[in-house]
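Q: After the structure tokens below, expect a handful of questions from me.
Residue numbers (our numbering), protein chains in the order written: chain A, -3 to 128; chain B, 46 to 230.
Next up, the structure:
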């Protein structure tokens, strides 16, 4: 059960990029070396993300989100894409990550996780050798 | 190379794996082959074992069968399950749970006899909740079979070519699932 219920924050524009760390276990490599993300990466009801504009104001680059996670890739979806799938996008700053946010809503059923994934793009693409 | 710890699967796990391994191809050890065997040519059960390594642990699987060739999905599937069993807490960096062994058992139970000798292997993917999903992405079809903690298993299928999608409860809709997997070969 989620610990909180989040309401959509209209101050987050539709074009805002929301970053999500992607561990190797959620990456599938095809024969051409393309890295596909599993829908499992986007199925948490309370999906943790990092809000790009908050990073930017703090002078941090997107790559900073995975600075301490050398085996991870970094993917982005937009707030507008999340909202198009009946998700709320909210700020949820944490002491260790002021740019932390949440994409809140049911994602496990009706293929919502996969449809969120379909709108994701790599910001930092993992390399196959790093996935171990 | 670091020293390997040894972590055998539980007796129950091994039983399920053995069942999964042998039953899957015993089902396809054709009736015709059985008929032509005389009483002096009955197949003999032999003991087999296979080892899988994941994150410094070794898992040994033992079973009995008639020495048939293993289906191509066997090793990737077993390796996938073993890899789930060795995921540490917080493996997704967002506080993920370790994978519930029961969901692994449930998945193996469902797959037992569901895959044919030429079925494509699914990817075995962990869920942050501690569950898992099996994924196939072939022939324009996305198929996901989901086993989550304290939830009824289900499968979701989407045809990327015509946009159709549907969701089905398991084990009730096991036969439609078998049929869809058959179209992926």
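By construction, the Cβ of each residue, glycine as well, lies at the ideal position given by its N, Cα and C atoms.
Taking 8 Å as the cut-off, decide whether the C-beta atoms of residue 36 of chain A and residue 229 of chain B are in contact.
A: Sequence index remark: in the first chain, residue 36 of chain A carries index 40 (1-based). Sequence index remark: in the second chain, residue 229 of chain B carries index 184 (1-based). Cβ distance not < 8 Å, so residue 36 of chain A and residue 229 of chain B don't count as in contact.
Q: When DSSP labels each residue in this structure, what does residue 87 of chain B get in the three-state scheme?
A: Locating residue 87 of chain B in the second chain gives position 42, counting from the first residue. Residue 87 of chain B falls in the coil class under three-state DSSP.
Q: For residue 143 of chain B and residue 217 of chain B, I'd like the C-alpha separation in whole angstroms.
A: If you number the second chain from 1, residue 143 of chain B lands on position 98. If you number the second chain from 1, residue 217 of chain B lands on position 172. Near 28 Å, if we compare the C-alpha coordinates of residue 217 of chain B and residue 143 of chain B.
Q: Which chain B residues are close to residue 107 of chain A, counting only those with a beta carbon under 7 Å from its beta carbon?
A: As a working mapping, residue 107 of chain A is identified with position 111 in the first chain. Per Cβ cutoff of 7 Å: 201, 203 and 210.
Q: Leaving out five residues on either side along the sequence, give the residues of the same chain with a beta carbon under 8 Å from the beta carbon of residue 227 of chain B.
A: Stepping through the second chain from its first residue, residue 227 of chain B is reached at position 182. So the list reads 161 and 164, once near-sequence residues are dropped.
Q: Taking only three categories from DSSP, how would you classify residue 33 of chain A?
A: Residue mapping note: residue 33 of chain A aligns to position 37 of the first chain, counting from 1. Residue 33 of chain A falls in the strand class under three-state DSSP.
Q: For my contact list, residue 58 of chain A and residue 42 of chain A are in at a C-beta cut-off of 8 Å; report their separation, rounded to the angstrom.
A: Along the first chain, one-based indexing puts residue 58 of chain A at 62. Along the first chain, one-based indexing puts residue 42 of chain A at 46. Incorrect: roughly 22 Å between the Cβ atoms, too far for contact.
Q: Looking at chain B, is there any beta carbon in it that lies within less than 8 Å of the beta carbon of residue 100 of chain A?
A: The residue you call residue 100 of chain A lines up with position 104 of the first chain. Not an interface residue.
Q: With 16 as the cutoff for other CB atoms within 10 Å, does residue 75 of chain A come out buried or exposed?
A: Against the first chain, residue 75 of chain A aligns to sequence position 79. Classification for residue 75 of chain A: buried.
Q: Check whether the Cβ atoms of residue 46 of chain A and residue 15 of chain A sit closer than 8 Å, and answer yes or no.
A: Numbered from its first residue, the first chain carries residue 46 of chain A at position 50. Numbered from its first residue, the first chain carries residue 15 of chain A at position 19. Yes; because the gap between Cβ atoms is below 8 Å, this pair is in contact.
Q: Quick one: Cα of residue 67 of chain B to Cα of residue 29 of chain A, how far?
A: Here residue 67 of chain B corresponds to residue number 22 of the second chain, with the count starting at 1. Here residue 29 of chain A corresponds to residue number 33 of the first chain, with the count starting at 1. Low local confidence applies: a pLDDT of 41 at residue 67 of chain B is under 50, so the model's placement there is unreliable, with the coordinate-based value given in what follows. Distance between the alpha carbons of residue 67 of chain B and residue 29 of chain A: 34 Å.
Q: Reducing DSSP to helix, strand and coil, say where residue 265 of chain B ends up.
A: A question about residue 265 of chain B goes unanswered here, because the residues of chain B that appear run from 46 up to 230.
Q: With a threshold of 6 Å on Cβ separation, who are the neighbours of residue 110 of chain A within its own chain once the five nearest residues in sequence on each side are excluded?
A: Residue 110 of chain A sits at position 114 when you count from the first residue of the first chain. Only 35 meet the Cβ criterion.
Q: Is it true that the CB of residue 18 of chain A sits closer than 8 Å to the CB of residue 69 of chain A?
A: Walking along the first chain from the start, residue 69 of chain A turns up at place 73. Walking along the first chain from the start, residue 18 of chain A turns up at place 22. For residue 69 of chain A and residue 18 of chain A, yes; Cβs fall inside 8 Å.
Q: Looking only at its own chain, which residues have a Cβ that is under 7 Å from the Cβ of residue 96 of chain A, when we skip the five neighbours before and after it?
A: Taking the first residue of the first chain as position 1, residue 96 of chain A is located at position 100. Result list for residue 96 of chain A: 44, 46, 88, 89 and 90, in chain order.
Q: State the Cα-Cα distance for the pair residue 73 of chain A and residue 156 of chain B, rounded to the nearest angstrom.
A: Residue 73 of chain A sits at position 77 when you count from the first residue of the first chain. Residue 156 of chain B sits at position 111 when you count from the first residue of the second chain. Spanning the two alpha carbons is a distance of roughly 34 Å.
Q: Find the residues of chain A that neighbour residue 95 of chain B, judging by a C-beta separation of less than 7 Å, and give them in chain order.
A: In the second chain, counting from the first residue as 1, residue 95 of chain B sits at position 50. The contacting residues do not exist; residue 95 of chain B stays about 21 Å from chain A at best.
Q: I need the DSSP call for residue 104 of chain B, collapsed to helix, strand or coil.
A: Numbered from its first residue, the second chain carries residue 104 of chain B at position 59. Looking at residue 104 of chain B - three-state DSSP - the assignment turns out to be strand.
Q: To be precise: take each residue of the stretch 30 to 63 of chain A, compare its Cβ to all Cβ atoms of chain B, and keep it if any distance is under 7 Å. Which residues remain?
A: Within the stretch 30 to 63 of chain A, the residues whose Cβ lies closer than 7 Å to some Cβ of chain B are 34, 35, 36, 39, 40 and 44, listed in chain order.
Q: Quick one: which residues of the stretch 77 to 99 of chain A get their C-beta closer than 9 Å to a C-beta of chain B? List them in chain order.
A: Those residues of the stretch 77 to 99 of chain A that come within reach of chain B (Cβ to Cβ, closer than 9 Å) do not exist; the list is empty.
Q: Taking residue 123 of chain A as the query, report the chain B residues whose CB atoms sit under 9 Å from its CB, ordered along the chain.
A: Here the question's residue 123 of chain A lines up with position 127 in the first chain. Here the premise fails: no neighbours, minimum Cβ distance about 18 Å.
Q: Are any of the Cβ atoms in chain B nearer than 8 Å to that of residue 19 of chain A?
A: Taking the first chain and counting its residues from 1, one reaches residue 19 of chain A at position 23. So yes, residue 19 of chain A belongs to the interface.
Q: Assuming residue 145 of chain B contacts residue 175 of chain B (C-beta within less than 8 Å), just tell me the rounded distance between them.
A: Mapped onto the second chain, residue 145 of chain B falls at position 100. Mapped onto the second chain, residue 175 of chain B falls at position 130. Right, the Cβ-Cβ distance comes to about 5 Å (below 8 Å), so this counts as a contact.
Q: Determine, using beta carbons only, whether residue 171 of chain B comes closer than 8 Å to chain A.
A: To locate residue 171 of chain B, count along the second chain from 1; it is residue 126. It does; some Cβ of chain A falls within 8 Å.
Q: Report yes or no: is there a C-beta of chain A within less than 8 Å of the C-beta of residue 230 of chain B?
A: Locating residue 230 of chain B in the second chain gives position 185, counting from the first residue. Residue 230 of chain B does not count as touching chain A.
Q: Quick one: grab the DSSP three-state call for residue 133 of chain A.
A: No answer is possible for residue 133 of chain A: the residues shown for chain A start at -3 and end at 128.
Q: How should residue 125 of chain B be labelled, buried or exposed, when 16 other C-beta atoms within 10 angstroms of its C-beta is the threshold for buried?
A: Against the second chain, residue 125 of chain B aligns to sequence position 80. Answer is buried; the Cβ neighbour count reaches 16.
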